[in-house]
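Respectively, the protein sequence lines represent chains A and B. Heads up, the first sequence is in this note's numbering, so the first residue is 1 and it goes up one at a time. Heads up, the second sequence is in this note's numbering, so the first residue is 1001 and it goes up one at a time. A virtual CB, placed ideally from N, CA and C, is assigned to each residue, including glycine. Heads up, the thing below is written out as structure tokens.
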Amino acid sequence: MTNQEPIYKTDALIAEDIDAYLETHQHKTMLRFITCGSVDDGKSTLIGRLLYDSKMIFEDQLATLESDSKRVGTQGQEIDFALLVDGLAAEREQGITIDVAYRFFATEKRKFIVADTPGHEQYTRNMVTGASTADLAVILIDARKGILTQTRRHSYLVQLIGIRHIVLAVNKMDLVNYDQATFDKIVADYREFAASIGIQDFTAIPISGFKGDNITAHSENMPWYTGTALLPHLEAVEVDATTDQAKPFRMPVQWVNRPNLDFRGFSGLVASGTIKPGDQVRVLPSGKTSTVSRIVTLDGDRDLAVSGEAITLTLTDEIDCSRGQVIVAAQSPLEVADQFESTLVWMDEAEMVPGRAYWLKIGTQTVSATVHAPKYEVNVNTREHLATKTLDLNAIGVANITTDREIPFAPYTENRDLGGFILIDKITNHTVAAGMIHFALRRAQNIHWQATDIGRDHHAGMKHQKPAVLWLTGLSGSGKSTIANIVEKKLARMNRHTFLLDGDNVRHGLNKDLGFTEADRVENIRRVGEVAKLMTDAGLIVITAFISPFRSERDMVRSMMQPGEFVEVFVDTPLEVAEGRDVKGLYAKARSGQLKNFTGIDSPYEVPDSPELRIDTTQTTPEEAADLIIARLIP
Amino acid sequence: MTLKSLTHLQRLEAESIHIMREVVAEAENPVMLYSVGKDSAVMLHLAKKAFYPAPPPFPLLHVDTTWKFRDMYALRNKAAADAGMELLVYQNPEAAERGINPFDHGGLHTDMWKTEGLKQALDKYGFDVAFGGARRDEEKSRAKERVFSFRSANHRWDPKNQRPELWRMYNARKAKGESVRVFPISNWTELDIWQYIHLEGIEIVPLYFSAPRPTVERDGLILMVDDERFRLNEGEVPQMRSIRFRTLGCYPLTGAVESEATTLPQVIQEMLLTTTSERQGRAIDHDQAASMEKKKQEGYF
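If you want it as structure tokens, here you go:
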């Protein structure tokens, strides 16, 4: 089965001198790597082989493996190493892996963590996830097939995530008679391709995961290969974060440690650089400076901490500093901005909705952020730029993002911790995208807010009223416009200055360029929200009648207004009642397919969770409804 | 400037501390599940480091089956007191009332005391995040477990509905009623755990070290007769054997290994030279290949 004895089987020291062994092993380093390959490239077999050869497989597991190999294996009577790494029951049956799995093995020099990602259509999401923590990537190629579309895709993603160390493992050399020319041709082809996407350097190794060639030791089957075998190479790659240590000090504050009045420590993981007591630091975004007093640990104070360590600092001054802020070397601050261009990898079943607000988590800070329509999508196989209005699951694109406040950041290529972010859907809480900041946009900084002398309080004061937005939401035909109209008439009789924004009317003018896709509906509501906000600044009571089917956008408008000014009124009419009325004949059209994206039919209506007012129109007349709304406004 | 290479244990330690602080910063009511085993011991030690000089800002929860080894109860109370943490002990009242025990009830014992007990305890105290000491190297289905593992309002784990975890970034947001199990030592292996215990001088239950103990042999497992509740079969007489445990659980369900290892280096030496995996001593895992995964979906840790 194998043409060489695994050299990592046991260490003589274990039996002879365990104390010496433990001493050696306390100085091991760690390498995290990802294996990229398609279904038939032998990826699982390679990982299984590494585990087996480094003696991470125990007898009981081996017994299970042997019986499983005979039952469901694909290698006849031989051991199917792939079975070692296929986890969940469902995937065993289907013969595919469906997620990112982490495997562990160790040699005398290093501990290894392998991110194993499956090679099917969810590949982009899983591979980007696995690659985000990797120091090195092993790109597998089947020697019989050479460079495939998948190889190009894997390489592009590896480059996108910024993995500096790449191993090109040309696998299944046993099936091409260990032929040097085959190997040389693949390497030459790859070199040309790699250069075209900006990969500077890689190490090519001819291997057979199945037979064990060039895995732990140089294979006698390929005397023409003069480089190192895979495992010795993985042991030798320089991965220590020494380059990160040479960069300026940055630490996102994770938690403020305040056990009593005499101690105030700032805890976090050092993202780059080193820090000593006495070092000058600056807190961003506030810009306040101070000096490091102590580096506090359970085992006593430290005189140095470096990139990659989780520490607690105290400062000599009582300055404001909380979770989400970043402590940096005083003389080399970070940029601070609220608009960015970034690459986005979309990871959710629900597509991106341009204009929608998502949570953006970067470092230890979470802010609200709006994603603008993508500039382009990247075809991961050809790297062509494609025009698009949105990003679907596994799509990669470039888009601008606006955050609701200024955040300290670094471009992703400089620092993963300060330039990498995730987007979180505000309703489902799913992690919907991974993002990498390219640079900040200057636009926001050049348009300053013009302070005017006559402010909103003055406007409202002249009208002797408190501005408000009465936001009526509900299905088409629920009675929003009817009720809104009565409310306005009643308020007018009470000498209140009002303005009614009606959904249909706004679409004749301000929003006539918008259709009914999800993205257009979001933009429709955003514009109406901005107009309503201007009107409240002018002191008006604004009444709106829009279906506004999505919670996210209603919440967005709410957050634009002053606290207490937004009154969400849910005009609750069951679908069958609204459809039965069908005043405008729209439901009939929607049912017959002439009208697309119709709320309630083929587009969802998200019911308000906690509206200020809910009106059940099956129990309440429009007159009564109007009175209820006015009572809520003017108690 | 002095450059300093971090060792694998230093990198693992930093990662675990980072995860714990992230939870404390984002959770409303976190708790640490404490099983008194070596993994729990390491997790507790890391928590002390993460929040020093403050004590870890959450309680310890022991979901008790009443059938743990006596040595485990002794260390549990001492460890919590040493750390300055509140210790909550939960025993499923229904299991107690029905007298569920490992001798008569087989799988039901684990289900009622552990799986149901854990759910009840989390509901009772309203904990939204629970730290657990599970590791990815323990078992195949755990290799793809997230660090932040989301559970529905009725504690179910849906393998298809877990979030991608990128960089060092964890999305801890959840809806009301949902909860998260967080595994800060996911990336540690059994050897890492032992090395760290050795390096940091962490106190562990004496049962991990060999000593002469009263035992009987059943179905290929060496079981320790820890108290008078152990039911001896007819003709069965406890024998003194020099044994230790690689993993600890309910004493009538936990198999011992014969050993002479009385010091930590000797234990590690034996572990490195041994040829069977750690979980083999636990009776519950032998049911079927995917048994852990099934148990996890039902809410077993």
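- When Cβ-Cβ separations below 8 Å define contact, Arg1168(B) makes contact with chain A.
- By a beta-carbon distance limit of 8 Å, Gly273(A) does not contact Val292(A). Their separation comes to about 12 Å.
- In the assembly as shown, Ile295(A) is a buried residue. Its beta-carbon has 16 or more other beta-carbons within 10 Å.
- Secondary structure of Met535(A) (DSSP, three-state): helix.
- Counted as a single uninterrupted DSSP element, the stretch harbouring Leu391(A) is not any beta strand (DSSP E), since DSSP gives it neither H nor E.
- Contact fails between the segment 359-366 of chain A and the segment 129-144 of chain A, because fewer than three Cβ pairs, one in each stretch, are under 8 Å apart.
- The C-alpha of Thr124(A) lies about 16 Å from the C-alpha of Ala350(A).
- Residues of the segment 101-120 of chain A that bring their beta carbon within less than 9 Å of a beta carbon in chain B comprise Ala101, Tyr102, Arg103, Phe104, Phe105, Ala106, Arg110, Lys111, Ile113 and Asp116, in sequence order.
- Annotated three-state conformation of Pro259(A) is strand, per DSSP.
- Nearest C-alpha to Arg1146(B) among Lys1068(B), Asn1171(B) and Ala1050(B): Asn1171(B).
- Using beta-carbon distances, Ile424(A) counts as an interface residue toward chain B, with a partner under 8 Å.
- Close partners of Asp1227(B) in chain A (Cβ separation under 8 Å) are lacking, with about 30 Å as the shortest Cβ gap.
- Interface criterion not met: the Cβ of Arg356(A) is under 8 Å from no Cβ in chain B.
- Counting along the chain, the unbroken beta strand (DSSP E) around Val469(A) starts and ends at Ala468 to Thr473.
- Rounded to the nearest whole angstrom, the CA to CA distance from Met556(A) to Arg356(A) is 8 Å.
- Per the Cβ contact rule, the segment 1064-1082 of chain B is in contact with the segment 1024-1039 of chain B (3 or more Cβ pairs under 8 Å).
- A contact between stretches requires three or more CB pairs, one per stretch, nearer than 8 Å, and the segment 1188-1199 of chain B fails this requirement with the segment 1209-1225 of chain B.
- Per DSSP, Tyr156(A) has no beta bridge partner at all.
- Secondary structure note for Thr129(A): its alpha helix (DSSP H) is the uninterrupted segment Tyr123 to Ala131.
- The beta carbons of Leu22(A) and Phe105(A) sit no closer together than 8 Å.
- About 6 Å separates the beta carbons of Asn400(A) and Glu341(A), which is inside the 8 Å limit, making them a contact pair.
- For Glu568(A), there is no enclosing alpha helix (DSSP H); the residue is found in the beta strand (DSSP E) stretching over Phe566 to Asp572.
- Assignment of Pro408(A) by DSSP, reduced to helix, strand and coil, places it in the strand class.
- Contact between Val1129(B) and Ser1186(B) fails: their C-beta atoms lie close to 15 Å from each other, not under 8 Å.
- When DSSP reads this structure, His165(A) sits in a beta bridge with Leu136(A).
- With a threshold of 8 Å between beta carbons, Thr1007(B) makes contact with chain A.
- The beta-bridge partner set that DSSP reports for Pro563(A) is empty.
- Residue state for Phe105(A) is assigned as strand, using DSSP reduced to three classes.
- Contact between Ile34(A) and Ala115(A) holds: CB atoms are separated by about 4 Å, below the 8 Å threshold.
- Annotation for Gln150(A): Ser38 place their beta carbon closer than 6 Å to its own, counting only its chain and skipping 5 residues before and after.
- Per DSSP, Met1032(B) is one residue of the beta strand (DSSP E) stretching across Pro1030 to Leu1033.
- As summarised for the segment 304-372 of chain A, the continuous beta strand (DSSP E) elements at least 3 residues long and confined to that stretch are 310-315, 326-329, 335-346, 357-362 and 365-371, given in chain order.
- Nearest in C-alpha terms to Ala433(A), of all of Gly479(A), Trp346(A) and Pro232(A), is Trp346(A).
- According to the DSSP assignment, Met436(A) belongs to the beta strand (DSSP E) that extends over Thr431 to Ala440.
- Distance from Ile199(A) to Ser155(A) at the Cβ level is roughly 6 Å; contact confirmed, criterion being Cβ atoms closer than 8 Å.
- At least 8 Å separates the beta-carbon of Leu344(A) from that of Leu31(A).
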